[in-house]
Amino acid sequence: VADHSKSTYLELQRKKVHRYIIFRIDEKKKEVLVEKTGGPSESYADFTASLPENDCRYAVYDFDFVTSENCQKSKIFFIAWSPAVSRIRAKMLYATSKHQFKRELEGIHYEIQA
Numbered sequence: 054v055a056d057h058s059k060s061t062y063l064e065l066q067r068k069k070v071h072r073y074i075i076f077r078i079d080e081k082k083k084e085v086l087v088e089k090t091g092g093p094s095e096s097y098a099d100f101t102a103s104l105p106e107n108d109c110r111y112a113v114y115d116f117d118f119v120t121s122e123n124c125q126k127s128k129i130f131f132i133a134w135s136p137a138v139s140r141i142r143a144k145m146l147y148a149t150s151k152h153q154f155k156r157e158l159e160g161i162h163y164e165i166q167a
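Right, here's the structure in full:
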């Protein structure tokens, strides 16, 4: 995992600088790199539009909501994006690397396979 990937995640988690981060695996360097970040004002629709239709990615999304007690809360989701049309090799690479990468990101509340 590239140091820049970890520091970008910490900016999302602690400073709320990003709404989401999309990561890709660089097969040559064999590391996870930041592909794109979304600003705090970006929506979930902006996030989903940023995911490729035919390739795998990891993503982290900071979801803000208000509880029934009217408290502002935030939960961080880890998304393993693996479209059905992506290459088998890419699916295998992302599947086998997911656990190790996710372990590097402390404070993930939920995981989604999409």
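In the numbering used here, the protein residues as written are 54 to 167.
Using N, Cα and C, we set each Cβ at its ideal position, and we do this for glycine too.
If the criterion is Cβ atoms closer than 9 Å, does the pair Ile78 and Val85 meet it? yes
For the putative contact between Gly91 and Arg110, defined by C-beta atoms under 8 Å, what is the C-beta separation to the nearest angstrom? About 13 Å separates the two Cβ atoms, so there is no contact after all.
Just curious, the alpha helix (DSSP H) that Arg142 is in, first and last residue? Ile141 to Glu157
Can you check which of these residues, Gly160, Ala137, Glu164 and Phe116, is closest to Pro93 by C-alpha distance? Phe116
Spatial distance of Ser121 from Lys83 (CA atoms): 44 Å
What residue range is occupied by the uninterrupted beta strand (DSSP E) comprising Leu63? Where Leu63 is concerned, there is no enclosing beta strand (DSSP E), although the alpha helix (DSSP H) it sits in stretches over Asp56 to Leu63.
First and last residue of the uninterrupted beta strand (DSSP E) at Asp115: Arg110 to Val119
Short Cβ contact (9 Å threshold) for Phe5 with Phe154: Because the chain in this structure spans residues 54 to 167, residue 5 falls outside the shown range and cannot be described.
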